[in-house]
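Colleague:
Protein chains: 4
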Amino acid sequence: MSSTYGENLKLSIFGQSHGPAIGMVLDGIPAGLPVDPDKLQEFLNRRAPGQNNWSTPRREEDRPEFLGGILDGYTCGAPIAAMIRNKNTRSGDYENLKDCPRPGHADYTAQVKYGGFQDAAGGGHFSGRLTAPLCIAGGLCKQWLEESGIRIGAKLHSIGTVGDDEFDMVRPQLDQLDPAFPVLNQKAGEQMKDVIQYAKDQGDSVGGMITCAITGLPAGLGEPMFGGVESKIAQIVYGIPAVKEVSFGSGSYCSLMYGSQINDCFTMENGEIRTLTNHCGGIQGGITNGMPVVFTVAFKPTPSVSLPQQSVSLSRGENATLEIRGRHDPCIVPRAVPVVEAAAAIAIYDLILGNTQTDRRKP
Amino acid sequence: MSSTYGENLKLSIFGQSHGPAIGMVLDGIPAGLPVDPDKLQEFLNRRAPGQNNWSTPRREEDRPEFLGGILDGYTCGAPIAAMIRNKNTRSGDYENLKDCPRPGHADYTAQVKYGGFQDAAGGGHFSGRLTAPLCIAGGLCKQWLEESGIRIGAKLHSIGTVGDDEFDMVRPQLDQLDPAFPVLNQKAGEQMKDVIQYAKDQGDSVGGMITCAITGLPAGLGEPMFGGVESKIAQIVYGIPAVKEVSFGSGSYCSLMYGSQINDCFTMENGEIRTLTNHCGGIQGGITNGMPVVFTVAFKPTPSVSLPQQSVSLSRGENATLEIRGRHDPCIVPRAVPVVEAAAAIAIYDLILGNTQTDRRKP
Amino acid sequence: MSSTYGENLKLSIFGQSHGPAIGMVLDGIPAGLPVDPDKLQEFLNRRAPGQNNWSTPRREEDRPEFLGGILDGYTCGAPIAAMIRNKNTRSGDYENLKDCPRPGHADYTAQVKYGGFQDAAGGGHFSGRLTAPLCIAGGLCKQWLEESGIRIGAKLHSIGTVGDDEFDMVRPQLDQLDPAFPVLNQKAGEQMKDVIQYAKDQGDSVGGMITCAITGLPAGLGEPMFGGVESKIAQIVYGIPAVKEVSFGSGSYCSLMYGSQINDCFTMENGEIRTLTNHCGGIQGGITNGMPVVFTVAFKPTPSVSLPQQSVSLSRGENATLEIRGRHDPCIVPRAVPVVEAAAAIAIYDLILGNTQTDRRKP
Amino acid sequence: MSSTYGENLKLSIFGQSHGPAIGMVLDGIPAGLPVDPDKLQEFLNRRAPGQNNWSTPRREEDRPEFLGGILDGYTCGAPIAAMIRNKNTRSGDYENLKDCPRPGHADYTAQVKYGGFQDAAGGGHFSGRLTAPLCIAGGLCKQWLEESGIRIGAKLHSIGTVGDDEFDMVRPQLDQLDPAFPVLNQKAGEQMKDVIQYAKDQGDSVGGMITCAITGLPAGLGEPMFGGVESKIAQIVYGIPAVKEVSFGSGSYCSLMYGSQINDCFTMENGEIRTLTNHCGGIQGGITNGMPVVFTVAFKPTPSVSLPQQSVSLSRGENATLEIRGRHDPCIVPRAVPVVEAAAAIAIYDLILGNTQTDRRKP
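Those protein sequences? They're chains A, B, C and D, same order as listed.
One rule links them: number in the working numbering = place in the first sequence (from 1) + 4.
One rule links them: number in the working numbering = place in the second sequence (from 1) + 4.
One rule links them: number in the working numbering = place in the third sequence (from 1) + 4.
One rule links them: number in the working numbering = place in the fourth sequence (from 1) + 4.
1) Can you tell me where the alpha helix (DSSP H) holding VAL339(B) begins and where it ends?
2) Against chain B, does ARG155(C) count as a neighbour if the rule is that its beta carbon must be under 9 angstroms from one of theirs?
3) Are the C-beta of GLU69(C) and some C-beta of chain A separated by less than 9 angstroms?
4) Identify, in the order they occur along the chain, each residue of the same chain with its Cβ nearer than 7 angstroms to the Cβ of TRP148(C), setting aside the five sequence neighbours on each side.
5) Is VAL29(A) close to chain C, meaning its C-beta is less than 9 angstroms from at least one C-beta of that chain?
6) Any idea if THR279(D) is buried or exposed, counting beta-carbon neighbours within 10 angstroms, 16 or more meaning buried?
7) Against GLY231(D), what residues of chain B qualify as contacts under a CB-to-CB distance less than 7 angstroms, listed in chain order?
8) Is the beta carbon of HIS161(A) less than 9 angstroms from the beta carbon of ASP172(A)?
9) Once DSSP output is grouped into helix, strand and coil, what is the label at GLN361(C)?
10) Specify, as a first and last residue, the run of the alpha helix (DSSP H) that CYS138(D) falls within.
11) How about LEU326(D) and PRO107(D): do their beta carbons lie closer than 9 angstroms?
12) Does the beta carbon of ALA35(C) come closer than 9 angstroms to any beta carbon on chain B?
13) Rounded to whole angstroms, what is the Cα-Cα separation between THR125(C) and ALA110(C)?
14) If I measure Cβ to Cβ from MET5(D) and keep anything under 8 angstroms in the same chain, skipping five residues before and after, which residues do I get?
15) Considering only the beta carbon of each residue, do ARG403(B) and ARG339(B) sit closer than 9 angstroms?
16) Which class does MET229(C) belong to by DSSP, given the choice of helix, strand or coil?
17) Is the Cβ-Cβ distance between VAL250(B) and GLU249(A) less than 9 angstroms?
18) Give the residues of chain C in contact with LEU260(D), contact being defined as C-beta atoms less than 8 angstroms apart.
19) Identify which residue in LYS91(A), ALA82(A) and GLY77(A) has its Cα closest to the Cα of ASP66(A).
20) For the ligand GDP, is there a heavy atom less than 8 angstroms away from the beta-carbon of ILE200(D)?
21) Which residue spans inside the stretch 98-136 of chain A form an unbroken alpha helix (DSSP H) run of at least 4?
22) If you scan the stretch 243-313 of chain D from start to end, which runs of the beta strand (DSSP E) of 3 or more residues do you find wholly inside it?
23) Say whether the stretch 17-34 of chain C touches the stretch 75-91 of chain A, bearing in mind that this needs 3 or more beta-carbon pairs closer than 8 angstroms, one atom from each stretch.
24) Enumerated in chain order, which unbroken segments of the beta strand (DSSP E) with a length of 3 residues or greater are wholly contained in the stretch 174-220 of chain D?
25) Does DSSP classify ASN323(B) as helix, strand or coil?
26) LYS236(A) by DSSP, collapsed to three states: which one?
27) Going straight from the alpha carbon of ILE277(C) to that of THR135(D), what length do you get?
28) In the stretch 267-284 of chain C, which residues sit with their C-beta less than 8 angstroms from some C-beta in chain D, listed in chain order?
29) Return helix, strand or coil for LEU37(A), following the three-state DSSP convention.
30) Among the candidates PRO137(B), ILE154(B), CYS258(B) and ASP208(B), whose CA atom is the shortest distance from the CA of HIS332(B)?
31) Beta strand (DSSP E) containing LEU15(D): first to last residue?
32) In three-state terms, what does DSSP make of GLU46(D)?
33) What does TYR78(A) reach in chain B if we use C-beta pairs closer than 7 angstroms?
34) Please list, in chain order, all residues of the same chain as CYS258(A) whose beta carbon is under 7 angstroms from its beta carbon, the five residues on each side excluded.
35) Out of VAL344(D), ARG365(D) and CYS269(D), which has the shortest C-alpha to C-alpha gap to ALA302(D)?
36) Taking C-beta pairs closer than 9 angstroms, name the residues in chain A that LYS366(D) reaches, listed in chain order.
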């Protein structure tokens, strides 16, 4: 299936960048969960465009209208449905794309798959704009997880070659993050902004990485094999446009090391079982061990650049040079931070709803 | 769900390392597909233990018995079921593990999740041994893909800090790989074996990375968002024990670059649309573009090391020192190469069965 | 999961009777399928309330607004999303129901399941009104099936104890049905209307049965066991409120007979394989045999009656007498005819998308 | 998908009538559930063939071998896998069937779907023999439900035109049923046996109906729309060969009546909310109301009759007369009683695992 996620909750995302609306249906959520619309809006605003000088000038308020599932501030047991009307649409900018696909975008693959019937304007259903309904669902799940003491916080790991300090994987510093531009090292943050500004000035774009930490998780969450925490998070995170890598804990760094260096040894700490290090990112055998779950996501640069690029004319079957006009972000990574949090929140909430953990102890 | 994968095919894997048998059921496969048992056995042998001096001395023939679904050398439309009897079981080696979990293994998380009822011997259902039935399913899918000209080949990317030459991402050199120890640079291969031998001599283990390439794929395969090729491959690959990172194309390298550097520009080549580079790994918007799909997987070292490690006694609630006896591989990465291929084959075959590509062209 | 159906397409239905809107998302549909909005509206009108003297006086136009997935009259490959705003809401009529549940309705079960958080107005998510989005999805699938020569037509089998003539199961008379009140025997139709009028005059309601026939199906559709045509149709049809029985072909009549009487013998007819009778309703082993698929659905009377009924006060924990005010249909069965067609169309289209029929023939 | 059932548990059934083995994998079951193998065997024996003079003389012990998932008498959290070796196979009896399909069987539909590659012997994967692994899964679920006070008991409703007394739908008499031939009215039971003997003597077969009651269910189980108790039970029950009708509560009888007659009025009974009647079969809006869930299933006669029947020769494309030799039951309905119980147990256990009932109460 395509734009549907989840085994215990069912998330269905719909809409195209320049269609009438974008939205989502979130089914399988118990009744009685509180919904704080202001907090949700605050969360959505972190992703919304047009809020600073490096994001696309397209202005969308991204104010969801709930169509069902919420009553008097609580979930009512019916599927939660919400939509955001697309207002600021300029489909005229995109007419050329069906014949001359933009490198790095889904224009060409959509053309092949959908035979020319696809909604090409603004990338259609492949647009980063579709992460807004993902954030509605994820923002709700995040609220409900917080109710149980589970916190999710992501930060910029790097922009281009400029890296932030790493999370303390044993005690990630979620409280030190400023949602407006979440880094641990402010100086690195300033350099990141410089890199973004440089890309913008060049009519270019730049990539980056995001690290996300989830604290307060109980041990025992996740299912073996394909139902593990890594499988579930990776599946949904790879649904975010431009993601090219997902790693857990120390990721490929583990592959460089010897087992004696990388094994996370257990220790008793105030009567609780913890690990001294957290190279595995809080997950063993797909199942949480009670330590923070930490994962890192790499984004390629948004492929929309103003520079001329080589492409082909599908109708003429020959090479062609493409110049993209229209609005775009020089770097989508800062705006992707809440999207990564949203994806993680949905995956974790899905796992919690379907948790097969036993309530018995062998005598 | 746990040990079940797929939306169009349904793969269900069962068994524990030292239980009566391990096996799989593969449902949803059309009838009439040829099955070459010798070729399958050859594929399974690449994963089987005890074949060289760096893999575990546990000897298992890993010869599957088919219980259903295959008749006279063809799939018959019924679910394909196969099992491998566990013969060489030594459960006595593992008695201590329920109280004193091995660092890096799933002993502790299984204990918490299953309340002590889990089959702890040899890691039980979490054992790498469960990749054998994955290889049965994947070996079959690989055969069927080859019928349509789709080839899957993986190679060692690195062992510890020793790296092989990279695949040519535009034309991966699948024909240059020796299944016994698949590298492009034989000298690097020798160094890798040295690293493994060193780890073995130290009673230690070492990690590594594997790159997998899939050629011959049509453009248009994969579904948007959570049904994209990356989502489906990552979900199943993270079901392989010890995987800590999955990346596509140039992976996190893309995040370091500018869009103008990393965009894969289109070009006409003998009347076919290709890209000049393949940083995106053959996937745009989750959908294949006709170029090779390339992905890389990082494995942490197997956590079984002979050196003493710090752990805890669950019954006494205090720190304890653990020394692991029993057989283990100093490096599971070479044996994981066919497992990665198997996982890729299953994911791709699932996508093909459910492909929503239109058969029409807009006038 | 709850309000989600399908394995190859994914239908997600949302909304409550008196909430902001009702609607649906239909994912997994190929691009390039034509959509005739007038024909769809005509289909929806058959279900819409307020069109004659026996249906509820609540007037809703049931005019869907498409939010995504359709472009220039064709599916575009993105999920199809549509909603209908609820206009004629009178939630004041329903305030009492959370304390004193209506017999036969889902008021009590919703109260228990959702702990009082449910949207009780008009039955909320359990309202028959939710069959409108089902008809949007089903009306679309019906159009696409007709493109391939597959026709779906349902008729009244009975209202109360008044029965229509039965379909010829071998050649169902789809062309003889008047959508306004589809019966084969017009005299029986008049008597049915009399029964409905009688129930209305008494402040009572009456049940009935519907038979649905699907012609033009290829042989070989459906999967074994739980993926059979009967399983898939029954699952979705039981999602329609008030359904208490689903039977295929001659249904329970078969159980009264001997095998020699009820077996559908094969015969060659103009070079085609047919059966002489069709007691099995076109399905053997869950798979179509090329004969019409015929099934019958029994609806209980709508539980909304104006007569006083015994119920309980949940707050006081004692018996109470309930008198229901507000609009309701004396008989929902005529309006349910297109709903049954819609459900069948969705189930069949789902089966077609996921059909594992082989394209090979054993030599 | 085909031979796979469940959303929270995943049941996968494999095997063919005369293949090496039949079996099942049941995934998603929590650890620590006790398994009583003797009780399971007793349950399986109720379905096993060759136990009396009216069932097929084929003798199979149907003794499952567990391949995984159970340790020391408890579920261990890994998927439960079991198989039964097929011993008494006589595939020679069935050679003719690929050319001349038996009326009423799946021979023809399998031939079309699988292109001649299907395992035709004994009906292959479509054989009633595949209900044995269903009974393994269902027998286990039944044990676990009984742990929570949920009992499932089915009885013969009728054989041919001979009917048993009906269950008291408010208090079904589960304790009065003799598993060997479960009827309430022993005299009716003797007449049923006579009918079966008559069919046998004629070389014919006869159908019948089964009513199943589930007691001890909490109110609030089941999900709205397509996830309702009726949808889930109907889907799995229609996976049993020969089922042609599934009804809940009073089934189509409801459709004959007026709402005032059929509504189940609420009443307080010893502080508990009950209904005075149970025409709805314990389900409202797809969700249990705390009353017994009661449903009835109609089976057509097994199509294997010894009498000559008209069929066609697929190779010659002309009519042909078929005489079936080989073993068969004159009436499969008595042996189907535990199968219906098994199906119900699996559906209910699946619903319990995924229950979204809230644990909160609105203030």
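Quick reminder that beta carbons are idealized off the backbone N, C-alpha and C, glycines included.
Modeller: Quick answer:
1) A small fix is needed here, since residue 339(B) is Arg in this sequence, not Val. Residues 337-357.
2) no
3) yes
4) LEU37 and TYR353
5) yes
6) buried
7) Those do not exist, as GLY231(D) stays about 16 angstroms from chain B at its closest Cβ, beyond 7 angstroms.
8) no
9) coil
10) Contrary to the premise, residue 138(D) reads as Leu rather than Cys in this sequence. Here the alpha helix (DSSP H) through LEU138(D) covers 135-151.
11) yes
12) yes
13) In the sequence on display, residue 125(C) carries Ala and not Thr. Computed Cα separation, rounded: 12 angstroms.
14) Any reading at MET5(D) needs caution, since the residue's pLDDT is 48, under 50, leaving its predicted position unreliable; the model's value is listed next. Answer for MET5(D): no residue qualifies.
15) This structure does not reach residue 403(B), given that chain B is present from 5 up to 367, and the question cannot be answered.
16) helix
17) yes
18) SER162, GLY164, THR165 and GLY211
19) LYS91(A)
20) With respect to small molecules bound, the structure shown includes none, and the ligand GDP cannot be examined in it.
21) 111-118
22) 247-252, 270-273, 276-279 and 297-303
23) yes
24) 212-219
25) strand
26) helix
27) 30 angstroms
28) ASN267, ASP268, CYS269, PHE270, THR271, MET272, GLY275, ILE277, THR279, LEU280, HIS283 and CYS284
29) coil
30) ASP208(B)
31) 14-19
32) helix
33) Result: empty, since nearest Cβ-Cβ is about 28 angstroms, beyond 7 angstroms.
34) ILE266 and HIS283
35) VAL344(D)
36) ALA35, GLY36, ASP76 and TYR78
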